[in-house]
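What the sequence shown shows, in our numbering, is residues 195 to 547, in sequence order.
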Amino acid sequence: MNNKGIDRQTLEELEQTAVRELGEASDIGAIEELRVKYLGRKGSLTLSLRSIGSLPAGERPAMGNLINEIKGKLSGIYSARLEEISANIGDPEPFPGDHALPGRVFSQGGLHVLTRVTRDIKEIFFRMGYSLAEGPDVELDYYNFEALNFPEDHPSRDSQDTFYVNRDILLRTQTSPVQVRYMEKNDPPLRIISPGRVYRNETPDPSHAAEFHQIEGLYVDRNVSLADLRNDVTFFIHSFFGPDVKVRFRPHFFPFTEPSAEVDMECFGCRGEGCSICQKTGWIEIMGAGMVHPNVFKYAGYDPDSVTGFAFGMGIDRIAMLKYGIDDIRRFLANDIRFLGQFWSGSWAGVQD
Ligand code: PHE
Numbered sequence: 195m196n197n198k199g200i201d202r203q204t205l206e207e208l209e210q211t212a213v214r215e216l217g218e219a220s221d222i223g224a225i226e227e228l229r230v231k232y233l234g235r236k237g238s239l240t241l242s243l244r245s246i247g248s249l250p251a252g253e254r255p256a257m258g259n260l261i262n263e264i265k266g267k268l269s270g271i272y273s274a275r276l277e278e279i280s281a282n283i284g285d286p287e288p289f290p291g292d293h294a295l296p297g298r299v300f301s302q303g304g305l306h307v308l309t310r311v312t313r314d315i316k317e318i319f320f321r322m323g324y325s326l327a328e329g330p331d332v333e334l335d336y337y338n339f340e341a342l343n344f345p346e347d348h349p350s351r352d353s354q355d356t357f358y359v360n361r362d363i364l365l366r367t368q369t370s371p372v373q374v375r376y377m378e379k380n381d382p383p384l385r386i387i388s389p390g391r392v393y394r395n396e397t398p399d400p401s402h403a404a405e406f407h408q409i410e411g412l413y414v415d416r417n418v419s420l421a422d423l424r425n426d427v428t429f430f431i432h433s434f435f436g437p438d439v440k441v442r443f444r445p446h447f448f449p450f451t452e453p454s455a456e457v458d459m460e461c462f463g464c465r466g467e468g469c470s471i472c473q474k475t476g477w478i479e480i481m482g483a484g485m486v487h488p489n490v491f492k493y494a495g496y497d498p499d500s501v502t503g504f505a506f507g508m509g510i511d512r513i514a515m516l517k518y519g520i521d522d523i524r525r526f527l528a529n530d531i532r533f534l535g536q537f538w539s540g541s542w543a544g545v546q547d
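This is the structure we're talking about:
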């Protein structure tokens, strides 16, 4: 039976030709032409489908199926070829240089070790419910000393230790002034930590720098006790240095806390045996702390009879030195990338000279 070319055999021949042509087409233009020729609105397969109506009703479904099958197959080949040809476009010329030459490593940089340590410390206190407070580096004598209950003639007010801008303004020597600044603006209860840079007129040596970092903590509420201080400090030390290091409080003096203590932790290098990290004492001094002095509450405008609180302060540089076995505090600000790169994530930064 001859129905203007839409018999099975003609269709199969058409399919074979199309498959061959698609395989041979080598650029996008040729491929596109073939799509129009076979699959387009006026393409041969579309026309065949349209002329199906002229077949006897019984033959139409089978013929329709066949045409659609061929259409599907050709569309698949068309897409695959198009992708293949597109992928090859713009292939670079083969690299003309020496293929064996090692590539250059570009350093991506990373966070300063003190930034990392500060973040780790903050994270631990945030989990305990502390929030962040900050204060200025250039500070008033009033907040750095007077409101912290330093007597007029206290040795640390001496220009030996403090960089004064003028009689009233100085570079803060500690982060404790943030305590008073924060209390002036906020009512109790409060629980804050305050990291930042501090300055002292020191002659630099492996354990002293004129610029270093502290983190301050302050907790004020009704009935805050020394036991609460011990609890939070111990939780921090266990989280940061290890769950079973021993912690001890030694009586000390700070003008703005009473009672005051220095906090020691068991040396993690020798577990109390005595080694070079702890100078053979088995203990490492880690922070100053104490119960907020009533006079400080008065300066801040709190009633010392209705609230109590504790404060603590520690040196971030010192903590980083202990944790990573760094032998000289001056390295932190020396900007030597060979030192700093050791603390970046992943492998060593691969700095080349
Ligand atoms: N500011 C004290 C220092 O620099 C540390 C400290 C903070 C002590 C808070 C007690 C309470 O040494």
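Glycine is no exception: its CB is placed at the ideal position from the N, C-alpha and C atoms.
Mind checking whether the beta-carbon of residue i lies closer than 7 Å to any heavy atom of the ligand PHE?
i    : result
T502 : no
S370 : yes
Q408 : yes
A505 : yes
T397 : no
G484 : yes
S419 : no
Within its chain, find whatever has a CB closer than 8 Å to the CB of residue i; leave out the 5 residues flanking it on each side and keep chain order.
i    : result
G495 : M377, E378
G258 : L243, I246
Identify, in the order they occur along the chain, each residue of the same chain with its Cβ nearer than 6 Å to the Cβ of residue i, setting aside the five sequence neighbours on each side.
i    : result
A543 : Model confidence at A543 stands at a pLDDT of 45, short of 50, so the residue's coordinates are unreliable and nothing is read from them.
M459 : I431, V439, V441, I478, I480
Q546 : Here the model assigns Q546 a pLDDT of 38, short of 50, so the residue's position is not dependable, and the following value carries that caveat. Nothing meets the Cβ criterion.
S242 : I200, I261
R275 : L216, I225
D522 : P400
Residue i: buried (16+ other C-beta within 10 angstroms of its C-beta) or exposed?
i    : result
T367 : buried
G323 : exposed
Y518 : exposed
T397 : exposed
P371 : buried
Rounded to the nearest angstrom, how far is the Cβ of residue i from that of residue j, given a contact under 8 Å?
i    : j    : result
H580 : P389 : This structure gives no information on residue 580, because the portion of the chain shown stretches from 195 to 547.
V457 : A421 : Not confirmed; about 14 Å, so no contact.
I409 : T451 : So it is not a contact: roughly 16 Å between Cβ atoms.
Taking only three categories from DSSP, how would you classify residue i?
i    : result
H446 : strand
M377 : helix
S454 : strand
E328 : coil
S433 : helix
F300 : coil
R391 : strand
Tell me which same chain residues have a C-beta within less than 7 Å of the C-beta of residue i, skipping the five on either side of it?
i    : result
G548 : Any question about residue 548 goes unanswered here, given that the chain covers just 195 to 547.
N514 : Checking the sequence, you will find Ala at residue 514 rather than Asn. Hits under 7 Å: V307, L308, V311, I520.
F435 : M459, F462
S541 : Here S541 scores only 44 on pLDDT, less than 50, and its place in the model should not be relied on; the value that follows carries that caveat. Excluding positions up to five away in sequence, the list is empty.
T428 : V441
Would you say the beta carbon of residue i comes nearer than 7 Å to a heavy atom of the ligand FAD?
i    : result
R214 : In terms of ligand content, the structure shown lacks the ligand FAD and carries the ligand PHE instead.
Any C-beta of chain D sitting closer than 8 Å to the C-beta of residue i?
i    : result
P382 : No chain D appears in the structure shown, which is made up of a single protein chain.
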